[in-house]
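Undergrad:
Residue numbers (my numbering): 1170 to 1355.
#1: Report the residue from 1275, 1239, 1181 whose alpha carbon sits nearest the alpha carbon of residue 1220.
#2: If I follow the unbroken alpha helix (DSSP H) through residue 1340, where does it start and stop?
#3: Since I believe residue 1241 is in contact with residue 1282 (beta carbons under 8 Å), could you give me their beta-carbon distance rounded to a whole number of angstroms?
#4: Take the Cβ of residue 1305 as the centre, count every other Cβ of all protein chains shown within 10 Å, and call the residue buried at 16 or more, exposed below.
#5: Taking the alpha-carbon of residue 1336 as reference, which of 1330, 1184, 1318, 1179 has the nearest alpha-carbon?
#6: Can you tell me where the beta strand (DSSP E) with residue 1223 in it begins and where it stops?
#7: Would you list the residues sitting across from residue 1282 in a DSSP beta bridge?
#8: Take residue 1233 as the anchor and find which of 1290, 1320, 1345, 1339 has the nearest alpha-carbon.
#9: In whole angstroms, what is the alpha-carbon distance linking residue 1208 and residue 1341?
#10: Could you check where the alpha helix (DSSP H) with residue 1290 kicks off and where it finishes?
Written out as structure tokens, the structure reads:
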């Protein structure tokens, strides 16, 4: 188990707010030297704590009108088949290039998989849900027995959303008094 020190949390928080800043700018914001920041970034990358650097666009301006959360229940898989399933899913994703934000296993509402994805319109969303329900890809049929899929759709153009997709709020949360105990990273 790796625990994050205060300096590491500050650095991660600053990077989540804006990962385009130079090491020198980050050092100034945190109050340490630039070489310290450079070493710390390399360490966090090597440990897999920093996975990627990215930005978050306005997806509605990129032609997407919907964000969907699709939850489904699949039959349990033996451990040895999970890697095969992940490989098959990556191959399918590389061929079709669907706009997924995440696909994760979990638990809740009687489901065990959550898929967060963007769609240009309702027809595209409906086709996606049907392909999941039908297990349309023969290679996936060997692994998944989808028992139920349900979705929640958000209109990206609705002006009344409380909080759009951002990491700034999470970055601020990392530095609050409530988070004085160090989070565990496995």
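Where a beta carbon is used, it is the ideal one built from N, C-alpha and C, also for glycine.
TA: In terms of the structure at hand:
#1: As a first step, residue 1220 must be located in the chain shown, where it is residue number 51. Closest by alpha carbon: 1181.
#2: In the chain shown, the residue the question calls residue 1340 occupies position 171. Unbroken alpha helix (DSSP H) run through residue 1340: 1337–1343.
#3: Counting from 1 along the chain shown, the entry for residue 1282 is found at position 113. Counting from 1 along the chain shown, the entry for residue 1241 is found at position 72. That pair is a contact at about 5 Å.
#4: For the purposes of this step, residue 1305 is taken as residue 136 along the chain shown, with counting starting at 1. Unreliable positioning characterises residue 1305 in this predicted model, as indicated by a pLDDT of 42, which lies under 50. The coordinate reading is nonetheless provided below. So residue 1305 counts as exposed.
#5: In the chain shown, residue 1336 corresponds to position 167, counting from 1. Out of 1330, 1184, 1318, 1179, 1184 has the C-alpha closest to the C-alpha of residue 1336.
#6: Position 54 of the chain shown, counted from the start, is the residue given in the question as residue 1223. Looking at the DSSP string, residue 1223 is not in any beta strand (DSSP E), and its letter there is neither H nor E.
#7: Walking along the chain shown from the start, residue 1282 turns up at place 113. Note: residue 1282 sits in a beta bridge opposite 1241, 1274.
#8: Here residue 1233 refers to the residue found at position 64 when the chain shown is read from its first residue. Ranking 1290, 1320, 1345, 1339 by Cα distance to residue 1233 puts 1290 first.
#9: Numbered from its first residue, the chain shown carries residue 1208 at position 39. Numbered from its first residue, the chain shown carries residue 1341 at position 172. Whole-angstrom Cα-Cα distance: 23 Å.
#10: Counted from its first residue, the chain shown places residue 1290 at position 121. Careful: residue 1290 lies outside any alpha helix (DSSP H) and carries neither H nor E.
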